[in-house]
Every structure is written in structure tokens, then in C-alpha cells.
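Undergrad:
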Amino acid sequence: MSTFPSPSRRSFVAAGLAAAVWGLSACGGDESTGTAAAGDAVSVGFSQLGAESGWRTANTESVKASLTTAKGFDLKFVDAQQKQENQIKALRDFIAQDVDVIAFSPVIETGWDEVLQEIKDAGIPVVLVDRTVDTSVEDPYTTWIGADFEQEGKTAGEWVAKNAPDAKVFELQGTLGSGAQVDREKGFNAVAGNQVVGKASGNFTRAEGKTAVEAALQTYPETTLIFTHNDDMGLGAIEAVEAAGKTPGKDVQIVSVDGVRDGLQALVDGKFNYVVECNPVFGTQLAELVKKVAAGEDVPEETIVKDEAFDQTTTQATVDARAY
Ligand code: GYE
Numbered sequence: 047m048s049t050f051p052s053p054s055r056r057s058f059v060a061a062g063l064a065a066a067v068w069g070l071s072a073c074g075g076d077e078s079t080g081t082a083a084a085g086d087a088v089s090v091g092f093s094q095l096g097a098e099s100g101w102r103t104a105n106t107e108s109v110k111a112s113l114t115t116a117k118g119f120d121l122k123f124v125d126a127q128q129k130q131e132n133q134i135k136a137l138r139d140f141i142a143q144d145v146d147v148i149a150f151s152p153v154i155e156t157g158w159d160e161v162l163q164e165i166k167d168a169g170i171p172v173v174l175v176d177r178t179v180d181t182s183v184e185d186p187y188t189t190w191i192g193a194d195f196e197q198e199g200k201t202a203g204e205w206v207a208k209n210a211p212d213a214k215v216f217e218l219q220g221t222l223g224s225g226a227q228v229d230r231e232k233g234f235n236a237v238a239g240n241q242v243v244g245k246a247s248g249n250f251t252r253a254e255g256k257t258a259v260e261a262a263l264q265t266y267p268e269t270t271l272i273f274t275h276n277d278d279m280g281l282g283a284i285e286a287v288e289a290a291g292k293t294p295g296k297d298v299q300i301v302s303v304d305g306v307r308d309g310l311q312a313l314v315d316g317k318f319n320y321v322v323e324c325n326p327v328f329g330t331q332l333a334e335l336v337k338k339v340a341a342g343e344d345v346p347e348e349t350i351v352k353d354e355a356f357d358q359t360t361t362q363a364t365v366d367a368r369a370y
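Here the sequence shown is numbered in the working numbering, starting from 47 and rising by one per residue.
(1) Does the Cβ-Cβ distance between D8 and A340 come in under 8 Å?
(2) Using the C-alpha atoms, what's the distance from K317 back to A262?
(3) Return the chain-ordered list of same chain residues with a C-beta closer than 7 Å to the C-beta of Q130, the five sequence neighbours on each side being excluded.
(4) In terms of alpha-carbon separation, which member of T257, K292, S302 lies closest to T269?
(5) Flag this pair as yes or no: are the beta carbons of L271 and Q299 separated by less than 8 Å?
(6) For R102, verify whether its CB is less than 7 Å away from any heavy atom of ligand 2.
(7) Evaluate D185 with the Cβ neighbour count: other Cβ atoms within 10 Å of its Cβ, from every protein chain shown; 16 or more gives buried, anything less gives exposed.
(8) Is any heavy atom of ligand 1 found at a distance shorter than 7 Å from the C-beta of N276?
(9) Let me check you understand the geometry: is the CB of F234 closer than 7 Å to at least one non-hydrogen atom of ligand 1?
(10) Return the Cβ separation of F250 and N209 in integer angstroms, given the expectation that the two are a contact with Cβ distance under 8 Å.
(11) Decide if Q358 is buried, meaning its Cβ has at least 16 other Cβ atoms within 10 Å, or exposed.
(12) Leaving out the 5 sequence neighbours to the left and right, which residues in its chain are closer than 6 Å to G80 when beta-carbon positions are compared?
(13) What I want to know is whether the C-beta of R252 ends up closer than 7 Å to one or more non-hydrogen atoms of ligand 1.
(14) Return the CA-CA distance between S108 and N235, expressed in angstroms with no decimal places.
(15) Tell me which residues share the same chain as I170 and place their Cβ nearer than 6 Å to its Cβ, disregarding the 5 neighbours each side in the sequence.
(16) Would you report the Cα separation of Q362 and Q241, rounded to the nearest angstrom?
(17) Give a single yes or no on whether V303 has its beta carbon closer than 7 Å to a heavy atom of ligand 1.
(18) Whether or not the segment 243 to 259 and the segment 215 to 224 are in contact is what I'm after, with contact meaning three or more pairs of Cβ atoms, one per stretch, closer than 8 Å; do they touch?
(19) Between V301 and R230, how many whole angstroms is the CB-CB distance? I'm expecting something under 8 Å.
(20) Determine the DSSP secondary structure at G80, reduced to helix, strand or coil.
(21) Starting from S151, trace the beta strand (DSSP E) in both directions and tell me its first and last residue.
(22) With burial defined as no fewer than 16 other Cβ atoms inside 10 Å of the residue's Cβ, what is the status of S99: buried or exposed?
(23) Ligand 1 and D357: does the residue's C-beta get closer than 7 Å to at least one heavy atom of that ligand?
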């Protein structure tokens with residue numbers, strides 16, 4: 047490894063300077079937009095990837111509640127309905143509108159090179175939210191906020207290896223090629239990969255989770271445990287397991303990720319066996335990052351949102367107190 051500053055680090059600093067310069071011009075205001083208040087607001091284009099899950103709905107609510115006019119933001123929020131082409135279009139619209147900051151949650155990791163380069167050329171700083179990108183563009187974003195997906199998969203795998211070491215596992219994957227799918231799979235398989243008998247994607251939705259498990263119970267009838275990459279697909283799995291005349295939580299155990307209220311309810315009802323949390327409520331932290339990035343202030347390269355995990359000792363009171 048070279049001891050010289052890496053090219054990526056140099057570009058990172060340069061990006062910070064660009065943001066600072068941009069911040070100055072933003073403070074100057076834009077007469078054409080009218081009131082002083084509107085001129086002072088930080089305009090943010092947020093491309094949300096969809097509304098596929100309880101997690102996503104809670105995340106959207108948190109973002110909208112934090113990036114408000116009262117808090118000094120002019121939020122342009124666009125839902126891409128889990129389609130990358132819609133996201134790319136939204137990002138290009140944000141460039142055309144010359145927003146101060148672009149924030150987005152990429153549906154999959156690859157395919158962003160062109161548009162990220164366009165954003166960079168336009169001098170607009172990017173705050174990457176939740177999922178990750180795999181791109182050849184140097185220093186494609188200023189900062190990223192999200193959860194440690196690999197650790198979530200590992201925590202789930204450790205529970206399985208310890209509590210169900212003989213289980214035959216079907217892995218119900220999220221959207222193929224998404225950061226959440228790739229890293230949860232990696233983490234889980236590092237500890238419990240030898241128990242996995244089959245995998246298929248349910249695209250993070252309840253309906254597709256159900257269909258995938260219906261098929262899996264035919265293809266892998268030996269399955270005694272489902273590791274699902276999110277609660278919604280796990281709730282679909284419950285329906286499929288019951289329709290096959292089996293008892294979820296007993297004949298087929300279910301280990302999930304997210305910890306939305308419906309997922310924790312399934313745990314209290316004995317249908318889920320273990321849930322690794324992925325906390326979607328980070329709008330306040332995101333708002334702080336966006337303000338700093340807009341002002342050209344230093345921000346950490348990444349902010350990891352803290353997660354916990356829940357087993358079947360979880361009580362109804364915990365479920366009832368859940369904010370999402
Ligand atoms: O786990 C799932 C959602 O990217 C962390 O996306 C997010 C995942 C979350 O659809 O429910």
C-alpha cells in the first residue's frame with residue numbers, strides 16, 4: 047500500500063471544496079425564486095427507491111418528517127417504485143433543477159456510473175442513503191448513511207448456527223444485486239452457509255416472498271428454516287408455510303431482518319423465531335448531514351445506524367411501543 051494520499055482521498059477533499067464553493071453561492075440566494083426564506087432553504091432532491099416494505103414506509107416517513115420547510119429544507123421527494131430507470135430519471139431531473147444536494151437510496155448497486163458522473167460534473171454533492179453503490183466513478187458521493195447489512199446477516203447466521211445447527215435453510219433473498227441482499231447473504235453464509243439448501247429472491251415484498259416460498263417448499267421439501275432478508279417476505283412466507291399444512295415457527299422456523307411492528311408481532315405470536323433489527327428511523331441524522339454537506343462542512347465518510355436483535359422472549363409491550 048502506498049503511503050501517499052490515495053487518489054480517492056484527494057478527490058474526496060476536492061469534492062468537499064466544491065461543496066463549500068457551492069455553499070457560498072447558495073447562501074447568496076437566488077432572486078428569481080422569490081422570498082428570502084425560500085432562498086435560504088436547502089433544496090434536496092431525494093430519490094427513494096420504492097414503497098416495497100414496512101421498513102421503506104417507515105424510512106420515507108422519517109425522511110419527510112425531518113426534511114421539512116420548518117426545518118429549513120425544500121424537499122423534492124420522488125418514489126421510483128423499485129425501478130432503476132425511474133431513479134435515474136429522478137436524478138437527472140434533480141440536476142436540471144439544480145438542487146443543492148442530491149440524496150438517494152439505490153435500488154441495486156450497479157448501473158449508476160453515467161448519472162453519478164453527470165451529478166459530479168454539475169457540482170452537486172451526493173448523500174447516499176441506506177443502500178450502497180458499486181461504481182467506477184471516483185468519489186461518487188460525499189457521505190453515506192445506512193446500516194451494516196453484512197453484520198445483520200452474520201447476526202442472523204450466528205443465531206441459526208447456535209440454536210438450529212441441524213436446520214436445513216432456505217434463504218429468501220431481497221432484490222438481487224441490491225446492497226442489502228448482497229451483504230446480508232455474505233454475512234449469513236460466512237457463519238451458516240453450510241446449512242443452506244436453496245435460495246431464491248422475493249424482491250423484498252410480501253407477495254413475492256409468498257410465491258418464492260410456495261415454490262421452495264416444492265423444490266426443497268427438506269427445508270426446516272427460512273432465513274428471510276426482510277420481515278415483509280417473512281410474513282409472505284408464513285402464509286405459504288401455513289398453506290402447505292405446516293406450522294411456521296415450529297415445522298419451519300423463520301429468522302428475519304428489519305424488526306418492523308408486524309415482524310415483531312409475528313415473533314411474539316411464535317411464527318418468527320428471531321429478528322435482527324434494521325432501523326429505518328434516521329431522518330434526523332440525515333437532515334443534519336444534508337445541512338452540513340450543503341454548507342461545505344466536514345462530514346464523516348459513513349454513518350452506521352445502530353441495530354439490535356430480538357428473540358422470542360420479546361413481549362407484546364415492546365411490539366405495542368414500536369414506533370414503526
Ligand atoms: O431491509 C427492506 C427494504 O435497504 C435496508 O430494503 C433496506 C431494505 C430493508 O425493502 O425491508
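Quick reminder that beta carbons are idealized off the backbone N, C-alpha and C, glycines included.
Everything numeric in this text was worked out from a predicted model, so none of it was measured.
TA: Walking through what the data contain:
(1) The structure shown has nothing for residue 8, since the chain only spans 47 to 370.
(2) 18 Å
(3) V153, I154, G157
(4) K292
(5) yes
(6) Ligand 2 is not part of this structure, which contains only ligand 1.
(7) buried
(8) yes
(9) no
(10) Incorrect: roughly 25 Å between the Cβ atoms, too far for contact.
(11) exposed
(12) Unreliable placement is indicated for G80, whose pLDDT of 33 sits below 50; no coordinate value is reported for it.
(13) no
(14) 32 Å
(15) I148
(16) 31 Å
(17) yes
(18) yes
(19) About 11 Å separates the two Cβ atoms, so there is no contact after all.
(20) Confidence at G80 is low in this model, with a pLDDT of 33, below 50, so its placement is unreliable and the value that follows should be read with caution. G80 falls in the coil class under three-state DSSP.
(21) From DSSP, S151 is part of no beta strand (DSSP E); its letter is neither H nor E.
(22) buried
(23) no
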